[in-house]
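Respectively, the protein sequence lines represent chains A and B.
Here the first sequence is numbered in our numbering, starting from 103 and rising by one per residue.
Here the second sequence is numbered in our numbering, starting from 103 and rising by one per residue.
Even glycine gets a Cβ: it sits at the ideal position worked out from N, Cα and C.
If you're wondering where the values come from, they're calculated on a predicted model, not measured in any experiment.
There are 2 protein chains.
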Amino acid sequence: MNLEEAKYKFIQEWGVLGSTWGINRAMAQIHAYLMLSPESKTTDEVMEELKISRGNANMNMRALIDWGLVYKEYKPGERKEYFYAEKDLWNVMKQIAKERRKREIVPIREVLKEVSAAEIDNSPEGKEFKKVTKDIDSIISKFDGLIEMAAKSDQNWFLKVLTKLIK
Amino acid sequence: MNLEEAKYKFIQEWGVLGSTWGINRAMAQIHAYLMLSPESKTTDEVMEELKISRGNANMNMRALIDWGLVYKEYKPGERKEYFYAEKDLWNVMKQIAKERRKREIVPIREVLKEVSAAEIDNSPEGKEFKKVTKDIDSIISKFDGLIEMAAKSDQNWFLKVLTKLIK
DNA sequence: TTTTAGTTTCAAAAAGTTTTGAAAGTTTAA
DNA sequence: TTAAACTTTCAAAACTTTTTGAAACTAAAA
Numbered sequence: 103m104n105l106e107e108a109k110y111k112f113i114q115e116w117g118v119l120g121s122t123w124g125i126n127r128a129m130a131q132i133h134a135y136l137m138l139s140p141e142s143k144t145t146d147e148v149m150e151e152l153k154i155s156r157g158n159a160n161m162n163m164r165a166l167i168d169w170g171l172v173y174k175e176y177k178p179g180e181r182k183e184y185f186y187a188e189k190d191l192w193n194v195m196k197q198i199a200k201e202r203r204k205r206e207i208v209p210i211r212e213v214l215k216e217v218s219a220a221e222i223d224n225s226p227e228g229k230e231f232k233k234v235t236k237d238i239d240s241i242i243s244k245f246d247g248l249i250e251m252a253a254k255s256d257q258n259w260f261l262k263v264l265t266k267l268i269k
Numbered sequence: 103m104n105l106e107e108a109k110y111k112f113i114q115e116w117g118v119l120g121s122t123w124g125i126n127r128a129m130a131q132i133h134a135y136l137m138l139s140p141e142s143k144t145t146d147e148v149m150e151e152l153k154i155s156r157g158n159a160n161m162n163m164r165a166l167i168d169w170g171l172v173y174k175e176y177k178p179g180e181r182k183e184y185f186y187a188e189k190d191l192w193n194v195m196k197q198i199a200k201e202r203r204k205r206e207i208v209p210i211r212e213v214l215k216e217v218s219a220a221e222i223d224n225s226p227e228g229k230e231f232k233k234v235t236k237d238i239d240s241i242i243s244k245f246d247g248l249i250e251m252a253a254k255s256d257q258n259w260f261l262k263v264l265t266k267l268i269k
C-alpha cells in the first residue's frame with residue numbers, strides 16, 4: 103500500500119464512521135482529508151479529491167467551520183479561500199464534545215427537568231417513571247460535568263487521567 | 103403536566119436523541135416506552151402506544167434484543183410474547199458501549215493497523231499522515247481500553263470514579 | 001387434522017437526507 | 001464602471017433509510 107491508497111482508505115473509513123454518528127459522509131471525509139493535509143486546501147482541491155460538487159463541498163466546509171473543526175485562511179495576493187483542519191486531536195475531541203453537548207445533552211436535560219415538575223401519582227407507572235427519569239438525569243449530569251470539566255482543563259490532563267485509569 | 107403527557111414527551115425526546123446517534127426513531131422510542139413500563143408489554147401494546155405497524159414493532163424489538171437492551175418473556179397460559187427493557191442504567195450503558203465498540207471502534211482500528219503497515223515516504227504528506235493516524239490510534243486505544251475496563255468492572259465502580267473526578 | 005393465535009419476512013411506498021448544478025450574489029481588479 | 005474570480009444558495013434529483021401491510025410461516029389448541 104502506498105500513501106495515496108492509505109489516504110484513500112482512511113478517508114473512506116472516516117466517512118463510514120461519521121455516518122454512524124450522525125455526521126454526513128461528505129463532512130466526515132472533508133474533515134479527514136484536511137486533517138491529513140499539511141497544507142491548507144481550496145474548495146476545488148477538495149472537490150477534485152473527494153469527487154463531490156461545489157455546493158456540497160461549500161456547505162459541509164461551512165458546517166465544519168461551524169463545529170470549530172476547520173478554519174479559513176487567505177493567502178496574500180490570492181482571492182481563493184484556503185481551508186485547514188484543527189490538528190490537535192485533543193482540541194478536536196473537545197470541540198465535538200462541546201457541540202454534541204449543546205445539541206443533545208442540553209435538550210434532553212431540559213425535557214427531564216420539565217417532566218420532573220409534572221404532577222405524577224404514586225401508581226406503579228408513576229413510580230417507575232420517576233425512578234427511570236431520575237436515574238437517567240443523574241447519569242447524564244455526570245457526563246455533562248465531565249465534558250464541562252474537560253472543556254476547561256488543559257491540553258493533556260484528561261488523557262493523563264484516562265491513561266492512569268486504564269493502566 | 104400529567105403522567106401520560108410526561109411519558110409522551112420523554113418518549114418523543116428519546117426518539118430524537120436516538121436518531122442523532124444513528125439509532126432509528128422507532129427503536130429508541132420502543133426502548134423508552136419499555137424502560138418506563140413496570141410491566142412487560144406485548145407487540146400490540148407497543149404498536150398501539152407508539153402508533154407504528156406490526157412489522158416495524160417486530161423488527162425494532164428484535165434489534166433491541168440483539169443489542170441486549172430488551173428481553174422476551176412468556177407468561178404461563180398465554181401464547182403472546184412479552185417484552186421488557188433492561189432497567190439498570192449502568193447495564194444499558196455498558197451494552198451500548200460494547201455494541202458500538204464492536205461496530206465502530208474495531209473496524210477503524212483495523213483500518214489504522216492496515217494503513218500503518220503501508221510504505222510511506224518522508225514527504226510532508228507522508229509525515230503528516232503518519233502523525234495524524236498515530237495520534238488517532240493512540241486516543242482511540244485509550245477509549246477502547248476504558249470501555250473494556252468498564253465492561254468488566256462492577257455495577258458502580260465507574261460512576262464512583264466519575265463522581266470523584268468531577269466533584 | 002384443521003383452525004386459531006400469534007410471529008416473521010420482505011417488496012413496495014413513504015419519508016428523510018444528501019448531493020448536484022446552475023443561477024444569484026459578492027468582492028477584487030482592470 | 002465592467003469584467004473576472006470566486007462563494008453561496010436552493011430547488012430539484014438521487015440516494016438512503018424507515019415504515020407499512022399483507023402474505024408466509026410457526027406452534028398450540030380444538
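Item checked: Option nearest Phe185 (chain A) by Cα separation, candidates A:Ile132, A:Ser240 and A:Asn193 -> Checked all of A:Ile132, A:Ser240 and A:Asn193; the closest Cα to Phe185 (chain A) is A:Ile132.
Margin query: Please report the straight-line C-alpha distance between Lys153 (chain A) and Pro209 (chain A), rounded to a whole angstrom.
Written below: Going by the C-alpha atoms only, they are around 36 Å apart.
Notebook entry, point to check: Which value, in whole angstroms, describes the spacing of the CA atoms of Tyr173 (chain B) and Leu105 (chain B)?
Noted result: Using only the alpha carbons, I get a separation of about 25 Å.
Margin query: Can you check whether the C-beta of Arg127 (chain A) is within less than 8 Å of a C-beta belonging to chain B?
Written below: Output row for Arg127 (chain A): interface = no.
Item checked: Alpha-carbon spacing of Lys182 (chain A) relative to Tyr176 (chain A), whole angstroms -> Roughly 7 Å between the two C-alpha positions.
Checklist line | Residues, ordered as in the chain, of the region 137-160 of chain B that lie near chain A by beta-carbon distance below 9 Å | finding: The residues in question are Met137, Leu138, Ser139, Pro140 and Glu141.
Note to self: Whether or not the region 160-174 of chain A and the region 189-199 of chain A are in contact is what I'm after, with contact meaning three or more pairs of Cβ atoms, one per stretch, closer than 8 Å; do they touch?
What the structure shows: Using a Cβ-Cβ distance cut-off of 8 Å, the region 189-199 of chain A and the region 160-174 of chain A are in contact, since at least three pairs of beta carbons, one from each stretch, lie closer than that value.
Next item on the list: Could you have a look at Lys189 (chain A) and say whether DSSP puts it in helix, strand or coil?
Entry: In the structure shown, the three-state DSSP call for Lys189 (chain A) is coil.
Next item on the list: Report the rounded CA-to-CA distance for Phe260 (chain B) versus Phe245 (chain A), giving the unit in angstroms.
Entry: In a straight line, the C-alpha of Phe260 (chain B) is about 12 Å away from that of Phe245 (chain A).
Margin query: Please report the straight-line C-alpha distance between Lys233 (chain B) and Pro140 (chain A), rounded to a whole angstrom.
Written below: Taking the Cα positions, Lys233 (chain B) is about 11 Å away from Pro140 (chain A).
Notebook entry, point to check: Along the chain, which unbroken stretches of the alpha helix (DSSP H) at least 4 residues long are found entirely within the region 209-267 of chain B?
Noted result: If we require 4 residues or more, the alpha helix (DSSP H) runs fully inside the region 209-267 of chain B come out as 226-254.
Check: Which residues share a DSSP beta bridge with Glu151 (chain A)?
Finding: When beta bridges are read from the DSSP output, Glu151 (chain A) appears opposite no residue.
Next item on the list: List the residues that DSSP assigns as beta-bridge partners of Tyr176 (chain B).
Entry: DSSP, once it has assigned bridges, lists B:Glu183 as partnering Tyr176 (chain B).
Item checked: Limits of the unbroken alpha helix (DSSP H) element including Ser121 (chain A) -> For Ser121 (chain A), the uninterrupted alpha helix (DSSP H) segment begins and ends at Leu105 to Thr122.
Check: Rounded to a whole number of angstroms, what is the C-alpha to C-alpha distance between Leu122 (chain B) and Tyr135 (chain B)?
Finding: The residue you asked about is not Leu; residue 122 (chain B) is Thr in the sequence shown. Cα to Cα, Thr122 (chain B) sits roughly 19 Å from Tyr135 (chain B).
Checklist line | Touching by the beta-carbon criterion (3+ pairs, under 8 Å), the region 242-256 of chain B and the region 224-244 of chain A | finding: In short, these stretches do not touch, since the Cβ pair count stays below three.
Notebook entry, point to check: Can you list, in chain order, the residues of its chain whose CB lies under 8 Å from that of Ile222 (chain B), leaving out five sequence neighbours each side?
Noted result: Leaving aside the five residues that flank Ile222 (chain B) on each side, the residues in its chain whose CB is nearer than 8 Å to its CB run, in chain order, Gly228, Phe231 and Lys232.
Item checked: Any chain B beta carbon closer than 8 Å to Asn104 (chain A) -> Yes, Asn104 (chain A) counts as interfacial toward chain B.
Notebook entry, point to check: Do we get a CB-CB distance below 8 Å when we pair Lys109 (chain A) with the residues of chain B?
Noted result: It does; some Cβ of chain B falls within 8 Å.
Note to self: Let me see if you follow: with CB-CB separation under 8 Å, is Met163 (chain A) close to chain B or not?
What the structure shows: Met163 (chain A) does not count as touching chain B.
Check: Just curious, the alpha helix (DSSP H) that Ile132 (chain B) is in, first and last residue?
Finding: Ile132 (chain B) -> alpha helix (DSSP H) spans Arg127 to Leu138.
Checklist line | Contacting residues, own chain, Cβ-Cβ under 7 Å from Lys143 (chain A) (five flanking each side not counted) | finding: Cβ neighbours of Lys143 (chain A) beyond the five flanking positions: Leu136, Tyr184 and Phe185.
Item checked: Member of A:Asp239, A:Ala128, A:Val217 and A:Gln114 whose CA lies at the smallest distance from the CA of Met103 (chain B) -> A:Val217 is the residue among A:Asp239, A:Ala128, A:Val217 and A:Gln114 whose C-alpha sits nearest the C-alpha of Met103 (chain B).
Note to self: For Met129 (chain B), count the other beta carbons within 10 Å of its own beta carbon; 16 or more makes it buried, fewer makes it exposed. Which is it?
What the structure shows: By the 10 Å Cβ count, Met129 (chain B) comes out buried.
Check: When the Cα atoms are used, what is the spatial distance from Gly117 (chain A) to Ile238 (chain B)?
Finding: Straight-line spacing of the CA atoms in Gly117 (chain A) and Ile238 (chain B) works out to 15 Å.
Check: Should Asn193 (chain B) be labelled buried (16 or more other beta-carbon atoms within 10 Å of its own) or exposed?
Finding: By the 10 Å Cβ count, Asn193 (chain B) comes out exposed.
Check: Is Gly124 (chain B) close to chain A, meaning its C-beta is less than 8 Å from at least one C-beta of that chain?
Finding: Chain A contact via Cβ: present.
Notebook entry, point to check: In chain A, what lies closer than 7 Å to Arg203 (chain B) by C-beta?
Noted result: The contacting residues do not exist; Arg203 (chain B) stays about 12 Å from chain A at best.
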